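For reference, the structure is listed below as structure tokens.
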Amino acid sequence: MTYRVGVDIGGTFTDFALFTEGSGIVGIHKRLTTPRDPSRAVIEGLQDLLTDSGVALADVQAVVHGTTLVTNAVIERRGAPTGMLVTQGFRDILDMRRERRYDLYDLTPGFPDPLVPRALRREVDERILFDGSVERAVDLEEAKSGVAELVTDHDIRALAVCFINSYLNPTHELAVRDAIQVAFPDLFVSTSAEVFPHWREFERWTTATANAFTQPVLDRYLRHIERELGALGFTGRITMMASNGGMVTPDTARRFPVRMMESGPAAGALMSARHGTALDLPDVLSFDMGGTTAKGALVRAGSPLRTYELEVARVHEFKPGSGVPIKIPVIDMIEIGAGGGSIAEIDGRGMIRVGPRSAGADPGPACYGQRGEAATLTDANVVLGYLDPNFFLGGEMRLDPRASERAIASHVADPLDVSVVRAAWGIHETINEDVARAFRVHAAERGFDYRGCTMIAFGGSGPIHAHSIAAKLKVPRVIFPPAAGVMSALGLLVCPLSFDVARSNLTFVDALGDDWYERHSRPLADEAVGLIRAAGVAAANVTIIHRLDIRYQGQGFEIEVTLPNEADPVVMRDAIPDAFGARYQEIFAIPGLDERLEIVNWKVEARAPEPKDSGMPAFLGVETGERAARKRNRRAYFPEADDFFDCPAHDRYTLVPGDAVEGPALIEERESTCLLGIGATARVDERYNLVVDLTKGT
Amino acid sequence: MMQTAEPLQQTTDAPLDPVTLGILWDRLISITDEGVSAMLRSSFSTILRECLDLTAILFDADGNSIAQGTKSLPSFTGTGPATLRHILERHPPETLNPGDAIATNDAWQGTGHYFDICVMRPAFRHGRIVGYTMSISHLPDIGGIGYTAAATDIYQEGLRIPACKLMQAGEPNELAFEFIRANVRVPEQVVGDIMANVSCNEVSGQKLVEFMNETGLDDLSSLSHAIRRQSERSMRDCIRGIPDGVYRNQVDIEGFDESVRLACSITVNGDHLLIDYDGTGPSVSRGINCALNITSAWTYFALKCLMAGDIPNNQGFLAPVSIKAPEGCILNARPPSPTAGRHLVVHFIPSLVFGAFEQAIPDVVQAESGMVGHLTVQGVHRNGREISDIFTATGGVGGVREADGAETTSTPTTIGVVPVEIWEALTSMTVERKAFLPDSGGGGRTRGGLGQEVVIRNDSGNTLTVFPMGYRTDFPARGYHGGADGRPTRFEANGKPLHPKDRYLMAPGDRVRIMEAGGGGFGAAKDRDPERVLEDVLEGYVSVECAREAYGVEVDAAARTARRRA
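Note that the protein sequences, when read in sequence, are chains A and B.
In this text, residue positions in the first sequence follow my numbering: the first is 32, and each later residue adds one.
In this text, residue positions in the second sequence follow my numbering: the first is 2, and each later residue adds one.
Here is the structure:
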């Protein structure tokens with residue numbers, strides 16, 4: 032028997048899932064992350080999981096990882112001291128950003144400091160023009176002496192090489208990289224055109240500096256893992272999840288650590304998509320809510336929507352524009368500052384506002400009894416009876432409901448002159464409204480009609496809020512998968528190996544000759560396929576997907592078009608205008624214009640086949656003995672009655688396929704509680720999912 | 002003329018519980034945000050998508066505004082109610098049918114220039130009007146001489162659309178659309194954007210009715226009243242935080258042909274605030290004149306920056322503020338004064354208002370900023386294509402009491418700039434340098450932000466025409482509380498000064514240099530912590546000489562020490 036293990040290293044917890052073909056998921060595990068050396072929790076957790084499941088490490092064929100290591104290194108500035116070489120005259124671009132305020136009324140909006148301070152940037156005499164031609168050859172001696180100074184004076188460990196127009200012609204960046212690698216073999220070097228050759232210097236350079244900044248961190252982590260797993264007798268393969276929902280090898284991860292950003296949440300969204308596909312529900316709203324933030328993703332026809340920009344380390348209330356922009360292929364997620372730790376307060380107009388400030392894990396909500404005084408969403412859910420103070424994290428942590436009441440009274444109820452219960456309900460409902468609003472706006476901007484799709488809810492806080500949010504959105508169905516607390520670890524097991532490459536290069540569609548494929552797409556396809564084949568995938572099994580960003584000449588924005596898969600490049604090229612026209616009509620609901628089409632970005636994704644039937648928990652390791660399905664009753668508040676009910680609280684682990692639970696009800700598992708409103712019915716399907724149909728009842 | 006709203010009467014209605022009110026209120030704002038998203042998605046032009054130059058507003062059946070999209074720009078603050086009033090005067094409610102949509106771009110009834118179209122749609126429920134929705138967006142073209150301040154009367158500025166039914170019971174009014182198509186340069190884009198407005202209103206109107214069905218509200222009046230009363234109360238609380246008194250300020254600005262004076266006196270009396278622009282210079286024969294609606298919008302915006310950023314836009318927020326300006330002054334211009342480039346004047350209203358409050362609320366006002374400079378380039382690209390593009394460079398922001406001004410950041414607008422690589426591809430010009438201008442920020446206890454230097458070379462092989470258009474060329478950003486002024490904006494061509502309002506023919510190989518203004522400092526430079534002066538010198542923001550002369554601080558960069566001279 033061979034096994035695969037998914038490991039998701041989150042900020043607070045490291046989650047594990049053990050899978051074997053035929054039986055599916057045979058074990059899950061969760062333990063605290065060890066931030067100083069994340070490999071420790073991985074190794075220890077893995078050993079515990081395998082021991083509990085009676086599996087030998089030698090039988091594990093692959094360890095698949097997602098990690099917040101790279102994101103956290105940027106947020107907490109724990110990367111390596113990094114230098115930068117930049118085209119003469121452009122040293123300040125990193126500080127200038129987009130020169131734009133992100134908040135209309137804020138006179139002093141904060142911005143994150145650049146990852147490379149101004150003093151660690153050196154200008155180099157070189158210039159490539161807008162058409163890719165060389166105006167001034169690169170001065171390699173100047174580059175080397177600049178780096179020598181940075182190494183001596185600032186002890187840099189990594190270097191980003193960032194030149195103007197390198198997205199068109201990377202030769203100067205590459206020449207500098209080669210010269211530096213010879214002169215300074217220990218230095219990690221990233222070039223902006225290799226990391227992501229996208230036009231717009233600020234974003235491309237910022238991405239390259241983030242890549243350089245995190246290279247030594249990821250390299251060190253991977254070396255630890257490889258060494259320790261090897262020492263324990265592991266002979267299988269290690270792969271890492273990337274932000275686009277694909278897997279990469281450790282070598283690729285080391286070259287492009289920036290591509291690993293936000294891979295945990297991406298795995299969760301991917302798992303939602305997979306649940307949807309397995310149930311023949313291709314359109315899904317993936318809803319994940321944890322302690323600090325809620326994350327949403329839209330899944331269309333089985334695939335999460337994608338985008339090519341991410342913003343991390345936002346310094347002001349999760350506001351777009353207040354963070355570090357990173358250009359990478361990534362699953363398009365909404366991030367809302369709404370989670371269990373979100374703090375409730377009275378805003379400038381005298382109404383309840385919840386988040387985005389969060390009490391975090393320390394001091395945490397008032398009910399944690401760790402000196403936290405703020406009234407949080409978790410406190411509201413305790414007061415309303417939705418969370419059992421004696422069964423938090425499976426009873427590992429006791430909550431203090433009195434502290435919740437006190438916090439809500441002083442921060443919300445008293446200022447508004449309402450009862451504590453009313454205030455708690457206001458906090459709970461404000462979050463539901465905020466999440467519903469974020470979904471509506473996100474979907475409206477993308478032309479995604481969610482009224483026929485299914486919400487899949489997970490994360491520590493998601494299942495308490497999902498039913499109400501789905502009702503507000505008029506989504507007909509909500510599914511609560513089992514093991515919702517380790518959803519991302521499960522998601523890691525369903526990702527195929529894949530890699531995206533993209534390049535900006537302005538070209539008119541009608542100017543593409545018959546050799547267009549060889550000139551523009553072949554080099555990208557070779558690069559992407561090469562990285563997949565290096566992981567041992569046969570060429571015949573690699574799928575190539577071509578996407579182009581196209582616009583009408585003179586238009587300021589592009590539309591992504593996926594090309595039909597044709598063997599003959601000429602047929603493929605001739606299909607471009609129609610593919611664009613169809614997409615244009617879809618987005619704008621008006622017919623296209625009589626203008627020339629211009630290609631802006633060329634993108635190629637190479638993808639290996641998806642692992643078969645993985646990720647689906649066949650068995651959760653739960654007690655099957657006595658079916659005391661109804662654990663007990665608990666007093667919980669329901670707004671329809673504006674009162675507390677004796678509400679049945681079920682133990683999720685005792686529910687089996689075919690069971691049905693009538694709302695109002697609470698269904699508890701170790702890491703989360705599912706709240707069913709009045710009139711709702713949840714059925715347990717054969718995959719142990721709870722399925723709530725909102726079209727029936729009220 | 003005076004723009005004000007009646008204070009709301011207290012009613013004896015059972016008040017809405019604040020928990021319910023907050024939730025219902027947020028739902029209404031969410032409805033306008035969804036309308037904005039629908040408009041963004043279906044809009045064609047770059048200006049809508051990149052600059053978010055649009056908004057959506059909800060009104061109750063009596064025409065009171067109750068919610069507005071959160072992404073609304075300053076120019077759309079509080080203009081909606083008057084626009085709706087004008088539209089309803091011409092098309093009274095009893096003449097409206099489900100599926101009607103009425104549009105106008107009138108400068109005096111809308112938002113101050115023809116480029117903004119306002120589209121209104123009644124929301125019907127059970128055969129009765131329960132509210133109105135409105136959207137406003139900046140069109141890519143409206144005919145006439147184009148988007149410039151050069152017109153000498155408003156007839157040159159393009160097509161004026163009097164409030165007319167664009168859609169009649171869901172069917173397009175073909176005659177109206179034909180008139181529009183025949184008068185604009187890019188008809189598909191313009192009509193596309195107008196239709197995006199129509200669909201925005203359809204979405205928000207439909208969501209409004211769904212909201213009423215769900216909540217069981219038969220009309221919006223009590224909810225509207227509660228929202229407005231709560232906003233008004235919050236705004237009155239904010240005003241009460243300002244000591245009573247009369248506060249005055251005046252600023253001189255570059256204008257078009259000659260400089261223009263803006264003046265105001267602000268009377269704070271308890272919880273009411275009156276802004277009177279008496280003393281402001283007369284309107285001029287170029288398109289930089291402001292109708293009172295746009296003057297008011299920017300006034301409300303300035304007040305929101307100072308005290309009320311988190312009070313949502315609705316009629317209640319406007320109630321405690323009165324605004325007046327002498328008829329015929331540049332801030333209350335009358336037809337047929339041209340208005341297309343009104344932004345060149347209204348962008349100074351925040352500084353004008355902040356300056357009046359310099360002493361009264363010193364903790365929140367911001368010293369003057371370097372703002373944003375533009376260079377318009379016209380001619381032929383090296384590849385033979387016609388080009389007409391605008392290069393934008395931002396200056397430094399003014400300091401506030403507790404923080405330095407940001408370097409090179411757009412203020413008071415939130416416009417972004419074109420990246421160097423995109424500019425070069427668009428124009429076949431080469432940017433040789435884009436860098437901070439050390440010492441350009443006004444010295445102070447907190448420093449003004451740095452401006453920037455940009456050098457652009459004409460590599461198109463053709464002669465290009467360039468028009469600089471800058472603020473702060475004659476009048477630098479003023480420092481507050483003893484802070485020094487920022488360095489002014491300067492333009493050069495091939496090393497020689499270029500008149501900031503000139504048109505310049507740029508031969509192949511010629512260079513234009515833009516030196517964008519720095520922000521004003523706040524507080525005396527001699528009070529700045531020498532350690533912070535040292536940091537500025539080490540970062541290269543301030544030179545050793547400037548540290549000595551402006552701040553009285555001797556810096557030894559090598560030894561990393563700084564001390565203030567006695």
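Even glycine gets a Cβ: it sits at the ideal position worked out from N, Cα and C.
Being a predicted model, the structure only gives us computed values, none of them experimental.
Reduced DSSP category for residue i - H, G, I as helix; E, B as strand; rest coil
i: A:Q401; result: coil
i: A:T574; result: strand
i: A:K505; result: coil
i: B:A197; result: helix
i: A:H185; result: helix
i: A:V73; result: helix
i: A:D634; result: Just to set this straight, residue 634 of chain A is Lys in the shown sequence, not Asp. Strand at A:K634.
i: A:T240; result: helix
i: B:C547; result: helix
i: A:A191; result: strand
i: A:G522; result: helix
i: A:K61; result: strand
i: A:G295; result: helix
i: B:Q207; result: helix
i: B:T464; result: coil
i: B:M213; result: helix
i: B:M236; result: helix
i: B:Y542; result: coil
i: A:G646; result: Annotation note: pLDDT 47 at A:G646 (below 50); position unreliable, no value reported.
i: B:T149; result: coil
Neighbourhood of residue i by C-beta, 6 Å cutoff - its chain only, sequence neighbours within 5 removed
i: B:M308; result: C239
i: B:W109; result: A292
Residue i versus the options, residue with shortest Cα-Cα distance
i: A:D531; options: A:S552, A:P396, A:V540; result: A:S552
i: A:T139; options: B:W424, B:Q367, B:R386, B:Y552; result: B:Q367
i: A:G372; options: A:D378, A:S389, A:P356; result: A:S389
i: B:M196; options: B:D486, B:S44, B:V418, B:A548; result: B:S44
i: B:A82; options: B:E550, B:V120, B:G483, B:H382; result: Per the sequence shown, residue 82 of chain B should be read as Pro rather than Ala. Checked all of B:E550, B:V120, B:G483, B:H382; the closest Cα to B:P82 is B:V120.
i: A:M32; options: A:L116, A:D83, A:A87, A:R429; result: A:A87
i: A:Y339; options: A:H442, A:V226, A:D673; result: A:V226
i: B:D277; options: B:R249, B:V185, B:R262; result: B:R249
i: A:T730; options: A:P387, A:I365, A:I269; result: Because chain A is modelled from 32 through 729, residue 730 of chain A falls outside the range shown and cannot be assessed.
i: A:A375; options: A:S435, A:Y417, A:I362; result: A:S435
Contact set for residue i: own chain, Cβ-Cβ below 8 Å, skip 5 residues either direction
i: B:G553; result: A526, K527, R565, R566
i: B:S225; result: D61, D63, N65, I67
i: A:P69; result: I40, T45, T98, L100, Y252
i: A:R128; result: F142, F233
Cβ shell of residue i (< 7 Å), same chain only, five flanking positions each side left out
i: A:T655; result: Unreliable placement is indicated for A:T655, whose pLDDT of 45 sits below 50; the coordinate value is still reported in the next sentence. Nothing meets the Cβ criterion.
Please list, in chain order, the residues of the region 537–551 of chain A that have any C-beta partner in chain B closer than 7 Å. L537
What residue ranges within the region 329–366 of chain B form continuous alpha helix (DSSP H) runs of no fewer than 4 residues, ordered along the chain? 344–347, 350–357
What residues in the region 191–210 of chain A bring their beta carbon closer than 8 Å to a beta carbon of chain B? I195, N196, Y198
Restricting to runs no shorter than 4 residues, where is the alpha helix (DSSP H) found entirely within the region 106–184 of chain A? 124–127
In chain order, what residues of the region 378–402 of chain A put their CB closer than 7 Å to some CB of chain B? D378, G379, R380, G381, M382, I383
Taking a Cβ distance cut-off of 7 Å, strictly less, list which residues of the region 157–189 of chain B are near chain A, in chain order. E189
Taking only runs of the beta strand (DSSP E) that begin and end inside the region 247–313 of chain A, which ones reach a length of at least 3 residues, in chain order? 268–272
Contained alpha helix (DSSP H) runs [length at least 4] in the region 70–154 of chain B, N- to C-terminal order: 81–91
Restricting to runs no shorter than 4 residues, where is the alpha helix (DSSP H) found entirely within the region 480–555 of chain B? 531–540, 545–552
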